[in-house]
Ligand code: HH2
């Protein structure tokens, strides 16, 4: 099994960086993206709307004002592919025009009525992720009868919907959406079922980095910055069980862990 590709997370949100206007936010985000590229990121995932539990939505204008200078700056200085983490087709359109080649949509092209058509028209790669509810409320009381069957069925249906709309099969990747309307038990069940999800026949993207499930396992890890060990353990598990792309904040450490894992296999 080849080592998964590493997608480095770049947050272009004002709350991610201490005070300063957009120029400073953009400069800091570009520098961070270039640092992650230097550390071995195979993809850079740029997002300007936080999808953390409880996060408030951001307008398309605000998202674009944050994102476009960063995409332009990153595109000018590295050839590493850029993905845009957005639920809005108008943001995806402008991001692709500015040089992004992947649309990472946590709503799996359900957020806007023209999302599916936009994805087909753009012809870019798309990541379709499962989420129960919406970020503001999704962790209130997530419930499933059979989380694996429901997530699998959802991803299969969204891939079919995308293909019906004209997205080509090779452009689609799927993501079970760890932490998006899921308890620790749900997340663990999904992570144990990666081969079942992989059997749908699409590349699998997994985002486990610094997530609250790690704190649910190690209650001392209240600060997301203290979740590196858990993030690496999850990343190695995902790599071992079929993940094609792993979305992480700590690129250097993840790349190193994956290299050691690959060396042990050979
Ligand atoms: N998780 C977050 C955001 N986007 N996209 C995909 N495809 N999969 C994920 O699991 C995923 C995602 C939330 O991650 P987090 O690092 O907690 O937040 P932020 O994006 O603000 O860094």
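Numbering (this note's numbering), first residue to last: 22 to 287.
Where is the CB? At the ideal position from N, CA and C, for every residue including glycine.
Distances from the CB of residue 125 to the heavy atoms of the ligand HH2 include at least one below 7 Å. Contact check for residue 88 and residue 67: beta-carbon distance about 6 Å, within the 8 Å limit, so the pair qualifies. For residue 50, the closest C-alpha among the options 65, 61, 33 and 62 is that of 33. Here residue 233 is buried. Its C-beta has 16 or more other C-beta atoms within 10 Å.
Taking residue 74 as the centre and dropping the five residues before and after it, the same chain places the C-beta of 156, 159 and 160 closer than 7 Å to its C-beta, in chain order.
The DSSP-derived three-state label of residue 247 is helix. Inter-segment contact for the segment 111-118 and the segment 81-96 is present: three or more beta-carbon pairs are separated by less than 8 Å. Per DSSP, reduced to three states, the secondary structure at residue 67 is strand. Short note on residue 107: C-beta not closer than 7 Å to any heavy atom of the ligand HH2. With a threshold of 16 other beta carbon atoms within 10 Å, residue 187 falls short and is exposed. A heavy atom of the ligand HH2 is found nearer than 7 Å to the CB of residue 231.
Note on residue 189: under 16 other CB atoms within 10 angstroms of its CB, so exposed under the neighbour-count rule. With contacts defined as CB atoms closer than 8 Å, residue 260 and residue 279 qualify as a contacting pair. For residue 244 and residue 218, the gap between their C-alpha atoms comes out near 31 Å. Distances between the C-beta of residue 270 and the heavy atoms of the ligand HH2 include at least one below 7 Å. In the DSSP assignment, residue 149 forms a beta bridge with 126 and 195.
In the three-state reduction of the DSSP assignment, residue 188 falls in the coil class, being assigned neither a helical nor a strand state.
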